[in-house]
Amino acid sequence: AQKIPYPLHLGITEAGLPRTGSIRSAVGLGVLLYEGIGDTIRVSLTTGDACQEVECAYEILKSLKLRERGPVLVSCPSCGRSETEIVKLAEDVEGRLKRVEKAIKVAVMGCVVNGPGEARDADVGIACGKGKGVLFRKGEKVRTVDEPDFLEALMAEVEAWSK
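No gaps in the numbering here: position 71 of the sequence shown is 71 in full-length UniProt numbering, and each next residue is one more.
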């Protein structure tokens, strides 16, 4: 964008199926965008759902902090310290976040030992333990919730933050 005096469109055709195509697009486009090259992008994936291409493009831009649109979800890698179904919770949160338009960083962490520290720059988050979860805002503890309430309690925090 800053390197040449005219608009430059970037795209990678034949990137592949959504998983590998998203990775190839992120690497190929991300490097150029990071260097200040390019004004518009196009992600091309082998999919019947063009929305996946748009979502991938927005995620690339969000990751580079070039465009803030919608939430960013961070979650832990589900190591041996996790005492809850963290993958399912993260997937459920991701599904619910699709309806949120405001830029917000949300963390879903699998343990109360490292969770709050690892996600301290998140706007809101939850660090889950055995049967209990600690909700936090900007790294500060808000309250503790029981496991059946993890999803709804976190989404209530997201909604409150988004207002």
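Beta carbons are placed, not taken as given, at the ideal position from N, Cα and C, and that holds for glycine.
So, under 8 Å CB-CB, ILE41 and GLY11 are touching, yes? Tell me the CB distance rounded to an integer number of Å. 6 Å
Report, in whole angstroms, the separation of the C-beta atoms of GLY125 and VAL106, which I expect to be a contact under 8 Å. That belief holds up - the Cβ atoms of GLY125 and VAL106 are roughly 6 Å apart, short of 8 Å.
Anyone know if the C-beta pair for ASP92 and LEU135 falls short of 8 Å? no
Give me the residue from CYS79, ASP121 and LEU8 with the minimum Cα distance to ILE37. LEU8
Just to confirm, is the Cβ distance from VAL43 to CYS51 under 8 Å? no
In whole angstroms, what separates the C-alpha of GLU140 from that of GLY16? Rounded to whole angstroms, the separation of the alpha carbons of GLY16 and GLU140 is 42 Å.
Whose C-alpha, out of ALA160, CYS111 and GLY131, is nearest the C-alpha of ASP146? GLY131
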